[in-house]
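These notes are about the structure you will find just below.
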Amino acid sequence: MNKNTNITAKSHGCAFSYGAISANTWAPGHPLTINGCMIMMCGKGHAIISINSQKYKMKPGSVAFMAFDMVVIPEKVSSDFNARFLSMGFNITQDLFLLVTSNRFWDFIYKTPVFMVAHEPAGKIKSWFSIIKWIDAECSPATKEKVLRNEVESYILIMAEQVESRLGQLRENPSKNRAWALFNDFLALLNRNYASHHDVAFYADKLHVTPNYLNIIVRRMNAISAKEQINKQIELVIRTLLDTTDLSVKQIAERLHYEDPSYLCRIFRKQTGMTPMQYRNKLKI
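For the record, in the sequence shown the residue sitting at position 230 is 230 according to the numbering used here, with numbers rising by one throughout.
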């Protein structure tokens, strides 16, 4: 059964949750559940986390921005590690994606999900988290959701402007229409259900469209079919688990609800050109 990392959070039924992460609340080797997106800042200690199979080090002053379509697995956490986080639901996250039209910003986030912040901005981000903590503790759920939405929108817009001012506009921004929204809904569902549902029909049913239409949309947005997108996600998770754990192929198959490990191996080989064991052995060379 797929075990997810649990973290201490206070949500009170709100679309946002604020909390702290320490060495005692992270489970190395297990995926972190991210329903929408999460902003995290390390205050003490260090941690190694794998995001889409790439390793990143968190240390004091570093910020992580993690979205629903990223596979995030903590690997190592120091005994004194401590970080604050603000987590947002999927609907809020979609609103943020529509609000911030900067391609350069999103390219930066997806290519560099963990990044160091200079001393002065780091102090301002710490102050921002302190404000978030106060809002979380003192406001009613209805007021808190409205205020946090404003805070997050302002924070993300400022981050985007900072990236734009340093790197410039990358290219024209794509239109964000119904197809874009459906594709992102599919990615969010896939991120939450990849371990137990591998068929296109399941996702099409949840999205109230036909499997054929879902395939058309996914191919239009990402140049591959919905089934290929599912297999790509499975391959990425297998690769990450091979990178970061000592789980056997059979154990990985069980975690991903494949009764036949050989079928999982065929998916991985089709995606990578290697069997899982060949991939793991290559890492050791």
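Ideal Cβ positions, reconstructed from N, Cα and C, are used throughout, including at glycine.
Between the alpha carbons of Met-38 and Met-88 lies a distance of about 6 Å. Under DSSP, the beta-bridge partners assigned to Tyr-56 are Ile-49. The residue from Thr-25, Lys-126, Arg-104 and Ile-34 with its alpha-carbon nearest to that of Gly-61 is Lys-126. A distance of 9 Å or more separates the beta carbons of Arg-104 and Tyr-18. Straight-line spacing of the CA atoms in Glu-153 and Gln-162 works out to 14 Å.
Between His-257 and Ala-195, the gap from beta carbon to beta carbon is short of 9 Å.
Where Ser-130 is concerned, the enclosing alpha helix (DSSP H) starts and stops at 119-138. No residue range can be given for Asn-177, since it is assigned to no beta strand (DSSP E) and is classified by DSSP as neither H nor E.
Per DSSP, Phe-97 is one residue of the alpha helix (DSSP H) stretching across 90-99. In the same chain as Ala-201, and ignoring 5 residues on each side of it, the C-beta atoms closer than 8 Å to its own belong to Pro-211, in chain order. Between Ile-34 and Phe-68, the CB-CB gap stays under 9 Å. In the DSSP assignment, Phe-268 falls within the alpha helix (DSSP H) that extends over 261-272. In this structure, the beta-carbon distance from Ile-135 to Lys-144 falls below 9 Å.
DSSP places Phe-16 in the strand class (E or B) of the three-state scheme. Within the same chain, Cβ atoms closer than 6 Å to the Cβ of Val-100 are found at Ile-156 and Ala-160, the five residues on either side in sequence being excluded.
Taking C-beta separations shorter than 6 Å and ignoring five residues to either side along the sequence, the partners of Ser-78 in its chain run Gly-45 and His-46, following chain order. For Pro-74, the three-state secondary structure derived from DSSP is strand. The segment 261-281 makes contact with the segment 233-240, as at least three CB pairs between them are under 8 Å. Shown here for Asn-52: same chain residues with a beta carbon closer than 7 Å to its own, the five before and five after excluded, namely Met-70, Val-71 and Leu-236 in chain order. DSSP places Ala-27 in the coil class of the three-state scheme, outside both helix and strand.
When beta bridges are read from the DSSP output, Phe-115 appears opposite Val-63.
Counted as a single uninterrupted DSSP element, the alpha helix (DSSP H) harbouring Ile-234 occupies residues 226-244. In the DSSP assignment, Ile-252 falls within the unbroken alpha helix (DSSP H) covering 249-255. Taking all protein chains in view, the Cβ of Pro-113 is crowded by 16 or more other Cβ atoms within 10 Å, so the residue is classified as buried. Short of 8 Å from the beta carbon of His-119, and not among the five residues preceding or following it, lie these beta carbons of its own chain, in chain order: Gly-61.
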